[in-house]
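Asker: Can you read through this structure? Questions will come right after.
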Amino acid sequence: MNTSDRQLRFGWWALLAYLTLGLALEALQGFKVGWYLDVGHETRRLMFTLAHAHGTLLALVNLAAGLTARTVKGFELAASASRSLLWAALLLPAGFFLGGVVIYDGDPGLGIILVPVGALLLLYGVVRVARDLSRVKE
Numbered sequence: 041m042n043t044s045d046r047q048l049r050f051g052w053w054a055l056l057a058y059l060t061l062g063l064a065l066e067a068l069q070g071f072k073v074g075w076y077l078d079v080g081h082e083t084r085r086l087m088f089t090l091a092h093a094h095g096t097l098l099a100l101v102n103l104a105a106g107l108t109a110r111t112v113k114g115f116e117l118a119a120s121a122s123r124s125l126l127w128a129a130l131l132l133p134a135g136f137f138l139g140g141v142v143i144y145d146g147d148p149g150l151g152i153i154l155v156p157v158g159a160l161l162l163l164y165g166v167v168r169v170a171r172d173l174s175r176v177k178e
């Protein structure tokens with residue numbers, strides 16, 4: 041499987057997963073679940089919302105990378121950029137989500153450590169794609 045196919049396949053499945061997370065958060069809100077809504081759980085709500093928002097956005101970034109690789113003549117998505125974007129779309133939202141599962145006096149849990157790792161992978165992937173795209177001859 042080439043990198044553009046992998047990005048597209050992953051992007052659509054990730055989009056489904058993160059949109060489903062958003063629906064679950066709406067259900068927690070709608071059913072007034074105390075574990076999610078009670079005073080003192082603002083950090084949990086924020087972390088889960090950030091996981092949903094970042095995951096959805098990064099699924100779209102992966103779709104954009106796959107479509108770019110398919111449509112721009114002379115451009116091939118580097119394997120390292122592809123892997124970086126995939127891992128960023130997993131680690132960054134997972135860090136937010138895990139940081140909200142267990143909270144300590146209003147601070148996120150240890151899972152939040154995954155966020156900067158995912159952010160660095162995202163930064164590398166975007167820089168690599170932008171650099172490689174700028175080198176494509178028309």
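Residue 83 in my numbering sits at position 43 of the sequence shown; the count goes up by one each step and never skips. Each residue gets a CB set at the ideal place from its N, CA and C atoms; glycine is no exception.
1. To the nearest angstrom, how far is it from the Cα of Arg84 to the Cα of Leu63?
2. With a 10 Å radius around its C-beta and 16 neighbouring C-beta atoms as the bar for buried, classify Gln47 as buried or exposed.
3. In whole angstroms, give me the CA-to-CA distance for Gly74 and His81.
4. If you draw a straight line from the C-alpha of Pro5 to the C-alpha of Ala57, how long is it?
5. Please decide whether Lys113 counts as near chain D, where near means a Cβ-Cβ distance under 8 Å.
6. Taking the CB atoms as reference points, tell me whether Leu162 and Leu125 lie closer together than 8 Å.
7. In the DSSP assignment, find the unbroken alpha helix (DSSP H) run with Glu82 in it and report its ends.
8. With H, G and I counted as helix, E and B as strand and the rest as coil, what does DSSP make of Lys145?
9. Per DSSP, what kind of secondary structure is Leu117 in: helix, strand or coil?
10. For Asn42, count neighbouring Cβ atoms within 10 angstroms of its own Cβ and tell me buried if that reaches 16, exposed if not.
11. For Gly149, which residues of its own chain have a beta-carbon under 8 Å away from its beta-carbon, when the five flanking residues on both sides are left out?
12. Given Leu50, which residues of its chain have a CB within under 6 Å of its CB, disregarding the five upstream and five downstream residues?
13. Could you check whether Val176 and Val79 sit closer than 8 Å to each other, using their CB atoms as the reference points?
14. I need the DSSP call for Leu71, collapsed to helix, strand or coil.
Answerer: Reading it off the structure:
1. 16 Å
2. buried
3. 9 Å
4. Because the chain here runs from 41 to 178, residue 5 falls outside it and cannot be looked at.
5. Chain labels in this structure do not include chain D; a single protein chain is all it has.
6. yes
7. Glu82 to Thr111
8. In the sequence as presented, Lys is not what sits at residue 145; that position holds Asp. Asp145 falls in the coil class under three-state DSSP.
9. coil
10. exposed
11. Leu138, Gly139, Gly140, Val141, Val142 and Ile143
12. As written in the sequence, residue 50 is Phe, which differs from the Leu given in the question. Hits under 6 Å: Asn102 and Leu126.
13. no
14. For the record, residue 71 in the displayed sequence is Phe; it is not Leu. Residue state, collapsed to three classes: coil.
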